[in-house]
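Single-structure report; data block below.
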Amino acid sequence: MTDERKMTGESESGDGGRRDSREPIRGVHRIRKMSKSAEEVHPKKAFGWAARDTSGVLSPFKFSRRETGEEDVAFKVLYCGICHSDLHANKNEWGSSMYPLLPGHEIVGEVTEVGSNVTKFKVGDKVGVGCVVGSCHACDNCRNDLENYCPKLIFTYNSIDHDGTVTYGGYSNFMVANEHFVLRIPEGLPLDAAAPLLCAGITVFSPLKFNGLTEPGTSIGVVGLGGLGHVAVKFAKAMGAKVTVISTSSAKEKEAIEYLGADAFIVSKNPQQMRAAMGTMDGIIDTVSAVHALLPLIGLLKFHGKLVMLGIPDKPLELPVSPLIFGRKIVTGSCIGGLKETQEMLDFAAKHNITADIEVVSMDYVNTAMERLAKGDVRYRFVIDVANTLKEA
Ligand code: NAP
Ligand code: ZN
Ligand code: ZN
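Here the UniProt record's numbering is used: the first residue of the sequence shown is 1, the next is one more, and so on.
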């Protein structure tokens, strides 16, 4: 979910030193001040695929990563999911992309080296890295296992790392990350289909819990049946919810009900169906990646219901307040999850056999995959088979 916060507008507000607009600038200064280039600071040769400009087209890219530090885990990347955030970032749709931009934050791999102080992992372990690779460890949010809300959060790509260099993501041959930000992939989860849990999974799991939407029998709406949406259906069902999918694509109805286990399906463009469901939902998880109307969704909520915004369109949405006021309804948002909760989500997924439905693709298919993702032509997540298909240029 790299830079997903940048669309929130909070970066410019000056509230407690939010990092979004300032960190890159500070980082750039730090790079300029360094007598050594990033390649010298980072001696380990690496390669992957990066976007070079706002066309978003990815191509082979050589770069370097740091030496495995005392608290670091190095791992060979096996699989990396393609999140819609990668697409937003590749094309600079949020206005914060630094090129070359090497995306990927649904990363699963096998440990190849651990630093001398690493306690949680050993060579050969199957591990994952999601959207975050660094935080301050000192703020209230960090102290409460909410690193994802740390003002000094370092995203897995397109962010400025502690050493002043730009972070590069998982569309690459290997990663080096502080062990605090490395997750254990539970045995039994297939590594390719588990990769999307590192972003899509935790992004939907966390708000269900935080907003009190996990009681069995809770009525949950899931808007947008894409990468996030389809795992939202699975997690909500595993928690015992009654799940209604709200989608623009009537073609997804059969799968949603028969295969994903949704209880009901509403085509959002169908006014009769929308009217019939008004006032029936305790919570709605909105994963739509594009600008869309909120009024019909707020109408689906019960009194005091909650609409949780997860999708990050490139432009602001219109928020009608009357239905909020007269129904004491809440519109809120949520950003991935902390590391502890991400591990909890993975363990919950293993226990309930939850994985993403994926289409595994080769690295050189990535631009076609991006085009298809932009059109909603994926059931329901692309995952790149990095280990077998990424070739050094
Ligand atoms: P995705 O796989 O492309 O799914 C998005 C779904 O939204 C589509 O499948 C489609 O579902 C629906 N949709 C697309 N365009 C629409 C439109 N114009 N009107 C109504 N519905 C539309 O994307 P994703 O990977 O799940 O990511 C979804 C969004 O969440 C992105 O904006 C991404 O950046 C953001 N995100 C946020 C976080 C966070 O922490 N908050 C984390 C990860 C991703 P139907 O065909 O069913 O209508
Ligand atoms: Zn993501
Ligand atoms: Zn912090």
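For glycine and all other residues, C-beta sits at the position ideal for the given N, C-alpha and C.
_Measuring only from the beta carbon, is H105 closer than 8 Å to any heavy atom that is part of ligand 2?_
Yes, since a heavy atom of ligand 2 falls inside the 8 Å radius drawn around the Cβ of H105.
*asked:* Less than 9 Å between the beta carbons of A50 and S64, yes or no?
replied: Not closer than 9 Å, so no.
*Identify, in the order they occur along the chain, each residue of the same chain with its Cβ nearer than 6 Å to the Cβ of R381, setting aside the five sequence neighbours on each side.*
Non-local C-beta neighbours of R381 in its own chain, meaning closer than 6 Å and more than five positions away in sequence, comprise G81, P196, G227, A356 and I358, ordered along the chain.
_Nearest candidate by alpha-carbon position, reference Y99, set V132, H84, D125 and G56_ = It is G56 whose Cα lies nearest to the Cα of Y99.
*Please report how far the alpha carbon of K351 lies from the alpha carbon of S85, in whole angstroms.*
Cα to Cα, the separation comes out at about 28 Å.
*Is it right to say E318 is buried, meaning 16 or more other beta carbons lie within 10 angstroms of its own, or is it exposed?*
When all chains shown are included, E318 counts as exposed.
*Local Cβ density within 10 Å of residue 398, reported as buried at 16 or more and exposed below that*: In the structure as shown, the chain starts at 1 and stops at 393, and residue 398 therefore has no counterpart that could be examined.
*Comparing the CB of C80 with every heavy atom of ligand 3, is any distance shorter than 8 Å?*
No, Cβ of C80 sits at least 8 Å from all heavy atoms of ligand 3.
_Which same chain residues end up closer than 8 Å to M7 when comparing Cβ atoms and leaving out the 5 residues on each side of it in sequence?_
Below a pLDDT of 50, predicted positions are generally treated as unreliable, and M7, at 38, falls in that range; the measurement from the model is reported next regardless. So the qualifying residues of the chain are W94, I312, P313 and D314.
*At least three beta-carbon pairs within less than 8 Å, the segment 170–187 to the segment 334–345*: With a cut-off of 8 Å, the segment 334–345 and the segment 170–187 count as touching, because enough Cβ pairs lie within range.
*Could you say which of G115, H88 and L78 lies nearest to V129 if we only look at CA atoms?*
Distance check between V129 and each of G115, H88 and L78 places L78 closest, using alpha-carbon atoms only.
*V222 vs A232 beta-carbon contact at 9 Å*: Contact: yes.
*Let me know if L373 comes out buried or exposed under the rule of 16 or more other beta-carbons within 10 Å of its beta-carbon.*
Under this definition L373 is a buried residue.
*Taking 8 Å as the line, does the beta carbon of E341 fall inside it for any heavy atom of ligand 3?*
Relative to ligand 3, E341 has its C-beta separated by 8 Å or more from all heavy atoms.
*Among L189, E392 and C199, which has the Cα closest to the Cα of F155?*
Among L189, E392 and C199, the Cα nearest to that of F155 belongs to C199.
_G169 and N158 closer than 9 Å at C-beta_ = Remark: C-beta atoms of G169 and N158 approach each other more closely than 9 Å.
*Whole-angstrom Cβ separation of I266 and I246, contact assumed at under 8 Å?*
So it is a contact: roughly 5 Å between Cβ atoms.
*Say the cut is 8 Å; is the CB of S135 nearer than that to a heavy atom of ligand 3?*
It does: the Cβ of S135 is within 8 Å (strictly closer) of some heavy atom of ligand 3.
*Tell whether a beta-carbon distance below 9 Å holds between T287 and G224.*
The answer is yes: Cβ separation under 9 Å.
*What does R184 pair with, by DSSP beta-bridge criteria?*
Beta-bridge pairing links R184 to V127.
*Reduced DSSP category for E371 - H, G, I as helix; E, B as strand; rest coil*: In this structure, E371 counts as helix in the three-state DSSP scheme.
*Going by the CB atoms, is the gap between L208 and G283 shorter than 9 Å?*
In contact: G283 and L208 (Cβ atoms closer than 9 Å).
*N- and C-terminal bounds of the alpha helix (DSSP H) containing C142*: Note, C142: alpha helix (DSSP H), D140 to R143.
*By DSSP, does M239 sit in helix, in strand, or in coil?*
In the structure shown, M239 sits in coil (DSSP, three-state: anything other than H, G, I, E or B).
*Cα-Cα separation between K62 and E371, rounded to whole angstroms*: When the Cα atoms are used, K62 and E371 turn out to be separated by approximately 24 Å.
*For W49, which residues does DSSP report across the bridge?*
Answer is P60.
_Three or more C-beta pairs below 8 Å linking the segment 321–337 and the segment 297–304_ = Short answer: they touch.
*Going by the CB atoms, is the gap between G201 and F235 shorter than 9 Å?*
Their beta carbons are under 9 Å apart, which means F235 touches G201 by this criterion.
*Would you mind giving the Cβ-Cβ distance between G104 and V127, rounded to the nearest angstrom? I have them listed as a contact below 8 Å.*
Actually they are not in contact, since the Cβ atoms of G104 and V127 sit about 15 Å apart, beyond 8 Å.
*Keeping to the same chain, check which residues put their C-beta closer than 7 Å to that of T280; ignore five residues upstream and five downstream.*
If we look at T280 and ignore the five residues flanking it on each side, its Cβ neighbours are S219, L300 and K302.
*Per-residue burial, N353 [other beta carbons within 10 Å of its own, 16 or more giving buried]*: Counting Cβ neighbours within 10 Å, N353 comes out exposed, since fewer than 16 surround it.
*Can you list, in chain order, the residues of its chain whose CB lies under 6 Å from that of S59, leaving out five sequence neighbours each side?*
Closer than 6 Å at the Cβ level, and outside the excluded window around S59, lies no residue.
*asked:* Starting from G201, trace the alpha helix (DSSP H) in both directions and tell me its first and last residue.
replied: Counting along the chain, G201 sits inside the alpha helix (DSSP H) bounded by residues A200 to F210.
*Check: V223 C-beta below 8 Å from any heavy atom of ligand 1*: With a cut-off of 8 Å, the C-beta of V223 is classified as near ligand 1, since at least one heavy atom of the ligand falls inside that distance.
*H88 to A290, Cα distance in whole Å?*
Rounded to the nearest whole angstrom, the C-alpha separation of H88 and A290 is 10 Å.
*Straight-line CA distance for P24 to E147?*
Because the pLDDT at P24 is just 36, under 50, the model does not fix this residue reliably, and the value given afterwards should be weighed accordingly. Each residue's alpha carbon lies about 19 Å from the other.
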